[in-house]
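S.K.: Mapping to the numbering used here: the sequence shown position 27 is 92, numbers consecutive. Cβ coordinates follow ideal geometry from the N, Cα and C atoms, glycine included.
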Amino acid sequence: VQVAWVDDDDSPPLTTLPGIATEEGLARLRGRRKVYWSLLRGFYLHHQGSVAEIRTALQQFDGPLAQRLAHTLKGVAATIGALEVQQIAAEIETAISAAEFDGAARMLPTLDTHLQQVIVGLHPLITQQRHDDGPQQPTQTGTTSHLQGYLIQLLEPLQARKPKPSSAIMVQMNSLIWPEDYTLRLV
């Protein structure tokens with residue numbers, strides 16, 4: 066596929082990103098870097114807790130919600146070129162549509178591994194862009210699903226006594242606006 070790249074903005078340069086086929090993502094958007102950058106940023110900001118949200122929906126036997134969440138993650142992941150995330154989310158969506166909730170739940174750790182690879186890879190790029198733009202106030206409100214997802218993510222690095230991944234997760238947690246009652250409980 067030949068793509069005419071359009072340098073349509075001053076977005077940060079897109080280098081190799083873990084878990085993301087950037088060339089494929091850009092090709093889907095006909096080289097529109099500004100749009101691609103916006104999608105990467107949106108993915109980073111809005112899909113960090115997707116696995117926890119799907120897990121919660123499955124635990125509550127809310128098949129339609131779990132399927133919609135998996136479908137959304139699949140579509141956005143495909144658009145940005147996060148192909149492993151897209152493939153596993155598609156498999157989970159299929160399992161949910163067949164009412165195989167246990168099978169879908171068993172695939173969530175694999176999905177989470179690939180999703181976190183993408184999120185961690187995007188983190189420096191997103192935070193650098195936010196820093197370059199000046200101080201940014203959080204714009205998205207944290208939910209119980211977000212908090213649950215972050216706590217699950219923190220479990221492994223804390224048990225392994227690896228502070229670097231824990232720090233990155235805490236930065237992600239701090240990028241959200243938390244309701245006052247959550248903040249009181251977290252302090």
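(1) Could you have a look at Arg95 and say whether DSSP puts it in helix, strand or coil?
(2) So, under 8 Å CB-CB, Leu176 and Ala154 are touching, yes? Tell me the CB distance rounded to an integer number of Å.
(3) For Thr144, does the three-state DSSP call read helix, strand or coil?
(4) The alpha helix (DSSP H) spanning Ser210 covers which residue range?
(5) Strictly by DSSP, which residues pair up with Leu82?
(6) Given a cut-off of 8 Å, decide if Val141 and His179 are closer than it, judged by their beta-carbon atoms.
(7) Assign Met238 to one of two classes, buried (16 or more other C-beta atoms within 10 Å of its C-beta) or exposed (fewer than that).
(8) Which residues in the same chain as Leu134 place their Cβ atom closer than 7 Å to its Cβ, once the five residues preceding and following it in sequence are excluded?
(9) Indicate whether Gln132 and Ile161 have their beta-carbon atoms separated by less than 8 Å.
(10) Give the C-beta separation of Ile234 and Leu219 to the nearest angstrom, bearing in mind that I take them to be a contact with Cβ-Cβ under 8 Å.
(11) Could you check whether the Cβ of Lys139 sits closer than 7 Å to any heavy atom belonging to the ligand HEM?
(12) Which residue marks the beginning of the alpha helix (DSSP H) containing Ala163, and which one marks its end?
(13) If we ignore side chains and look at the alpha-carbon of each, how far apart do Leu82 and Val183 end up?
(14) Do Ile191 and Tyr109 have their C-beta atoms closer together than 8 Å?
(15) I need the straight-line Cα distance from Thr137 to Glu158, nearest angstrom please.
M.R.: From the atom records:
(1) If you number the sequence shown from 1, residue 95 lands on position 30. Here Arg95 sits in coil by DSSP.
(2) Counting from 1 along the sequence shown, the entry for residue 176 is found at position 111. Counting from 1 along the sequence shown, the entry for residue 154 is found at position 89. So it is a contact: roughly 6 Å between Cβ atoms.
(3) For the purposes of this step, residue 144 is identified with residue 79 of the sequence shown, where counting begins at 1. Three-state result, Thr144: helix.
(4) Position 145 of the sequence shown, counted from the start, is the residue given in the question as residue 210. Segment Thr209 to Gln224, the alpha helix (DSSP H) holding Ser210.
(5) Counted from its first residue, the sequence shown places residue 82 at position 17. According to DSSP, which records beta bridges pairwise, Leu82 is partnered with Ile85.
(6) The count along the sequence shown starts at 1 and reaches residue 179 at position 114. The count along the sequence shown starts at 1 and reaches residue 141 at position 76. Going by C-beta atoms, His179 is not nearer than 8 Å to Val141.
(7) In the sequence shown, the residue the question calls residue 238 occupies position 173. So Met238 counts as buried.
(8) The residue labelled residue 134 in the question sits at position 69 within the sequence shown. Same-chain partners within the cutoff: Ser115, Glu118, Ile119 and Ala122.
(9) One-based indexing of the sequence shown puts residue 132 at position 67. One-based indexing of the sequence shown puts residue 161 at position 96. Gln132 is a Cβ neighbour of Ile161, given a cutoff of 8 Å.
(10) Walking along the sequence shown from the start, residue 234 turns up at place 169. Walking along the sequence shown from the start, residue 219 turns up at place 154. That pair is a contact at about 5 Å.
(11) The ligand HEM is not part of this structure, which contains no ligands at all.
(12) Walking along the sequence shown from the start, residue 163 turns up at place 98. Premise fails: Ala163 is in no alpha helix (DSSP H) and is neither H nor E.
(13) Within the sequence shown, the letter at position 17 stands for residue 82. Within the sequence shown, the letter at position 118 stands for residue 183. If I take the Cα positions, the gap works out to 7 Å.
(14) Stepping through the sequence shown from its first residue, residue 191 is reached at position 126. Stepping through the sequence shown from its first residue, residue 109 is reached at position 44. Contact flag set, yes.
(15) The residue you call residue 137 lines up with position 72 of the sequence shown. The residue you call residue 158 lines up with position 93 of the sequence shown. Looking at the backbone, the Cα of Thr137 and that of Glu158 are separated by about 10 Å.
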